[in-house]
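Engineer: Structure below; questions to follow.
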Amino acid sequence: MADAPRVQGGCNPVANRTSGPHALGMTTATETPLRAAIIPVTPLQQNCSLVWCSKTMRGALIDPGGDLDRLKEAVARAGVTLEKILLTHGHIDHCGLAGELAKELALPIEGPHEDDRFWIARLADDSGRFGVPGRPFEPDRWLHDGDTVRFGEVEMNVIHCPGHTPGHVVFFHRATRFAFVGDVLFAGSIGRTDFPLGNHQDLLDAIVGKLWPLGDEVTFVPGHGPTSTFGRERQSNPFVGDAAIAAGQ
Ligand SMILES: [Zn+2]
Ligand SMILES: [Zn+2]
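My numbering applies: residue 12 is where the sequence shown begins, and numbers increase by one.
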């Protein structure tokens with residue numbers, strides 16, 4: 012963990028999971044420009060991440076699904092100038108109000124992969140179903156496996172990980188071994204695949220074939236719940252741990 016990104020909010024006594032950013036990691040000896048704070052949003056407690064470059068104080072919101080006032084407050088408190096919105100996938104808790112925020116703040120939206128277009132198109136319908144506000148929008152840039160996204164002087168790799176949704180992407184910051192994985196993988200679990208065009212085998216293949224090779228030391232922020240590392244999940248995850256994968260073969 013020598014070079015994990017420094018996370019703002021962990022030492023703030025008023026910060027907690029429901030009212031503001033909370034800690035992802037620790038202050039480190041090696042200075043890297045990536046900083047991050049998690050702000051859970053919507054009744055589904057989706058982990059929106061505010062990520063920024065400490066050199067330029069320019070950043071992005073990953074999956075600003077709702078609770079826009081709380082997000083804007085967190086951005087102001089961190090002193091970050093937003094450059095863009097990044098999306099992992101088209102589910103309402105991750106992007107229901109991303110289009111509204113983009114319009115209000117004149118920000119471009121990058122992501123997810125275009126295979127999630129049908130999810131974004133049905134946001135208004137899903138709004139009633141989940142009791143979460145949502146409005147369709149058109150991203151400024153659809154992402155592909157191997158693309159990079161930037162804010163300030165920070166660059167992150169885009170990894171297409173279908174299965175939970177067909178157009179799901181993961182953002183990976185190589186220098187700090189940090190990944191934002193949306194609903195692909197959780198601490199002790201994996202994403203649901205019983206939605207339209209979900210595919211359990213695709214999800215397993217993406218996690219084992221694309222995420223595990225990034226390294227056991229990689230810390231990830233899931234779409235819901237606490238952070239973990241790929242190594243810990245390989246040891247103990249009942250769906251994609253090494254033992255579970257071996258038993259399934
Ligand atoms: Zn989802
Ligand atoms: Zn979710």
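Built from N, CA and C at the ideal position, the CB exists for glycine as well.
Only a predicted model underlies this, so the values are computations on that prediction, with no experimental measurement involved.
Answer with buried or exposed for R140, where buried requires no fewer than 16 other C-beta atoms within 10 angstroms of its C-beta.
Structural biologist: R140 should be labelled exposed.
Engineer: At a cut-off of 7 Å, is H211 close to ligand 2 when judged by its beta-carbon and the heavy atoms of the ligand?
Structural biologist: Flag unset: Cβ of H211 not near ligand 2.
Engineer: Of the choices P44, R81, P54, whose alpha-carbon is the least far from that of T67?
Structural biologist: Closest option to T67, Cα to Cα, is P44.
Engineer: Enumerate in chain order the residues of its own chain whose CB-to-CB distance from P54 is below 7 Å, with the five nearest sequence positions on each side excluded.
Structural biologist: So the qualifying residues of the chain are G142, V143.
Engineer: For the structure I just gave you, are there three or more beta carbon pairs, one from the region 77-93 and one from the region 241-259, closer than 8 Å?
Structural biologist: Because the criterion of three Cβ pairs below 8 Å is not met, the region 77-93 and the region 241-259 do not touch.
Engineer: Take P237 as the anchor and find which of L196, R88, H100, G209 has the nearest alpha-carbon.
Structural biologist: Of the candidates L196, R88, H100, G209, the one whose C-alpha sits nearest the C-alpha of P237 is L196.
Engineer: Just how far apart, CA to CA, sit T176 and A198?
Structural biologist: Roughly 19 Å separates the two Cα atoms.
Engineer: Residue range of the alpha helix (DSSP H) that Q260 falls in?
Structural biologist: Unbroken run through Q260: none, as it is neither H nor E.
Engineer: Going by other Cβ atoms of all chains shown within 10 Å of its Cβ, with 16 needed for buried, is H155 buried or exposed?
Structural biologist: Per the 10 Å Cβ criterion, exposed.
Engineer: Considering only residues of the same chain and omitting the five flanking positions on each side of P75, which have a CB-CB separation below 8 Å?
Structural biologist: The residues are V52, C59, L82, I96, C106, L108, A109, L112.
Engineer: In the DSSP assignment, what residue or residues form a beta bridge with P51?
Structural biologist: Looking at the DSSP assignment, P51 forms a beta bridge with N58.
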